[in-house]
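Residue numbers (our numbering): 281 to 329.
Here a beta-carbon is modelled for each residue, glycine too, at the ideal position from N, C-alpha and C.
Computed from a predicted structure; not experimentally measured.
Please read the structure below before turning to the comments.
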């Protein structure tokens, strides 16, 4: 989280879309690829909150 500049609050907010993306893939667990897409999609909105 620190390397990317995200606070804990920001990271937990990114988990919600990552869970949605994982669900759309039919996977229960979030994978790194799901987090990457969530960060690319809405990460800048939550950075350094």
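Secondary structure note for residue 303: its alpha helix (DSSP H) is the uninterrupted segment 288–304. In its chain, beyond the 5 residues on either side, 314, 317, 318 have a beta carbon closer than 7 Å to the beta carbon of residue 301.
About 6 Å separates the CB atoms of residue 299 and residue 310; that is less than 8 Å, so the two are in contact.
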